[in-house]
Structures are given as structure tokens and as C-alpha cells.
Amino acid sequence: MALELTDANFQTSVLDSDKLTVVDFWAEWCGPCRAIGPVIEELSKEYDGKINVGKVNVDHNPNLSVEYGITSIPAILFIKGGNVVDKQIGAVPKSVLDKKIQANL
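In terms of this note's numbering, the sequence shown opens at residue 60 and continues consecutively.
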């Protein structure tokens, strides 16, 4: 199950983690976000224990959206060691996200 990431827990859950974290910036009203949601959940199960997977609701956490320059959603950031190492804007097939995860493990 993907973690619910917020302005309050982002530092400890993502930036302080030694694992790769896949962060899905989304909103309930966003059709493509709802389409990619099940893919994010699948990845969280498949990579359980190897990486962290979380979701940031942009409507509830505007500070994170501004800090990471999120202007389009879904926006998926790959964060490792406190830095963004890759990103994907828009809904894409699972295989695209899989390749990005493998490249950054």
C-alpha cells in the first residue's frame, strides 16, 4: 500500500530515507491520476521492502507541490538520498515506471 505523504511527514518518510522513493503527486479530480493510481499500488506491492512508494495529494499539500515545481499532474518523482533522480509527468504504462525504478535502485 502506497504511503500517504504530507507536508508534515515528507522529510522523514522520503528525504531522510536511504531507499529510492517513488512519489506520485495527484488529485482526486484528475482523471489521468485516477488511471495511474492502481499502477502505483501495484508497484508498492511488487517492490515492498526494496523501495518506498507514496502519494501526495496536491490539494491537501500545496507546499510540497510548490517546492518541487509541480505544475502538471500526475507527476511522479523518483527521490533518492534527498534528491530527485528522475521524474515522469503524465500517465504512462507500468513498464515505463518499472524501467525508471530499476535504473535507480
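The C-beta atom is built at its ideal place from N, Cα and C for all residues, glycine as well.
- 9 Å or more divides the Cβ of Lys-104 from the Cβ of Leu-64.
- Between Ala-67 and Ser-154, the alpha-carbon positions lie close to 31 Å from each other.
- Going by DSSP, Val-98 is part of no beta strand (DSSP E) but of the alpha helix (DSSP H) stretching over 90 to 105.
- Residue range 142 to 148 is occupied by the beta strand (DSSP E) that includes Lys-146.
- In this structure, the alpha-carbon of Gly-96 lies about 23 Å from that of Thr-71.
- Listed in chain order, the non-local C-beta contacts of Val-73 below 6 Å within the same chain comprise Thr-80 and Ile-138, local neighbours out to five positions each way being set aside.
- Looking at Lys-78, Ala-150, Met-60 and Phe-69, the one whose alpha-carbon comes closest to that of Ala-134 is Ala-150.
- Taking C-beta atoms as the reference points, Ala-162 and Val-112 fail to come closer than 9 Å.
- With a cutoff of 9 Å on beta-carbon distance, Leu-102 and Asp-145 are scored as not near each other.
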